[in-house]
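Engineer: Note that UniProt numbering gives residue 139 to position 139 of the sequence shown, counting from 1, and the numbers run on in steps of one.
C-beta atoms are modelled at their ideal positions from N, C-alpha and C, and glycine is treated no differently.
Predicted model, so just to flag it, every value in this text is computed and none were measured.
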Amino acid sequence: MKLFRDKKLIQHNFSEKSICTLAEIIKPFGIPAIITTQCVPRYGPCVPSIKKHLGDNTPEFDKSKFSMMTKEVFDFLKREKRDHVVVVGVEAHICVSQTVFELQKHGYKVVVLADAVSSSSFQERNLALRRMLASGISVNSLEGWTFELLGSSDHPLYDKSESSQCGLLVQSDFCAVETDEEN
């Protein structure tokens with residue numbers, strides 16, 4: 001018996017562009033990123049454009065657990081000495097939610113970028129974001145998060161041309177990219 005809709009019928013509404021922009025923004029700050037995938041043989045690899053923007057050296061971990069917080073990911077956080085984590089990707093109501101709640105339980109400061117997460121429906125995404133907010137998880141936009149980091153237009157990395165979506169970013173020290181998007 002199938003409990004859920006066929007994965008091929010699900011249309012994700014996350015902003016691939018936002019995640020790619022985030023990947024470019026973190027580079028000048030030296031902020032490490034990782035990719036987790038959910039059962040690659042079943043759901044496929046990371047979205048190619050995201051992988052391209054993050055670069056070939058970005059650690060990638062496949063998992064069967066819904067939360068991305070595997071032993072390898074915890075080891076990565078400890079090795080990098082990070083206590084702030086930004087989580088983006090798909091399914092906001094499953095993988096992203098379970099990840100942020102597990103991070104919070106372990107004492108990490110967590111930010112979810114609302115314009116860089118999605119679910120199989122807007123209702124699932126919005127419910128997940130409301131649940132995270134009610135639990136004390138910081139929810140922000142990529143642009144809002146970026147400008148909080150910069151603090152002012154005097155910041156040396158402020159994009160004077162305003163040709164990109166924001167400027168540059170980071171209120172956090174770490175960006176985790178969670179994806180199980182099918183190609």
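1) Quick check: what's the CA-CA separation for GLU16 versus SER49?
2) Which residue from LEU133, PRO32, PHE74 and VAL111 puts its Cα closest to that of ASP56?
3) When the Cα atoms are used, what is the spatial distance from SER64 to PRO156?
4) Does the contact criterion of 3 or more C-beta pairs under 8 Å hold for the stretch 112-127 versus the stretch 73-85?
5) Hey, out of MET69, LYS27 and GLU60, whose CA is closest to VAL40's CA?
6) Alpha helix (DSSP H) containing THR36: first to last residue?
7) Kindly provide the ranges of any alpha helix (DSSP H) runs that are 4 or more residues long and lie completely inside the UniProt domain "Isochorismatase-like" (19-139), ordered along the chain.
8) Where does LEU157 fall in DSSP's three states?
9) Rounding to the nearest angstrom, what Cα-Cα distance links ALA128 and PHE101 in this structure?
10) Considering only the beta carbon of each residue, do THR37 and ASP75 sit closer than 7 Å?
11) Classify ARG125 as buried or exposed, calling it buried when 16 or more other Cβ atoms lie within 10 Å of its own Cβ.
12) With distances taken from CA atoms, which of ASP154, GLN104 and VAL47 is nearest GLY89?
13) Could you tell me the distance, in whole angstroms, from the CA atom of ARG130 to the CA atom of VAL96?
14) Cα separation between TYR43 and PHE122?
15) Should THR21 and SER67 be called a contact, given that it needs their Cβ atoms to be closer than 7 Å?
16) Which same chain residues, not among the five before or five after GLY136, have their C-beta less than 8 Å away from its C-beta?
17) Express the C-alpha separation of ASN140 and LYS51 in angstroms, rounding to a whole number.
Structural biologist: Checking against the coordinates, here is how it stands:
1) 8 Å
2) Per the Cα distances, PRO32.
3) 42 Å
4) no
5) GLU60
6) Membership of THR36 in any alpha helix (DSSP H) is not indicated; the residue belongs instead to the beta strand (DSSP E) covering 33-38.
7) 40-43, 48-54, 71-80, 97-105 and 122-134
8) LEU157: coil per DSSP, three-state reduction.
9) 11 Å
10) no
11) buried
12) VAL47
13) Whole-angstrom Cα-Cα distance: 13 Å.
14) 21 Å
15) no
16) GLN104
17) 23 Å
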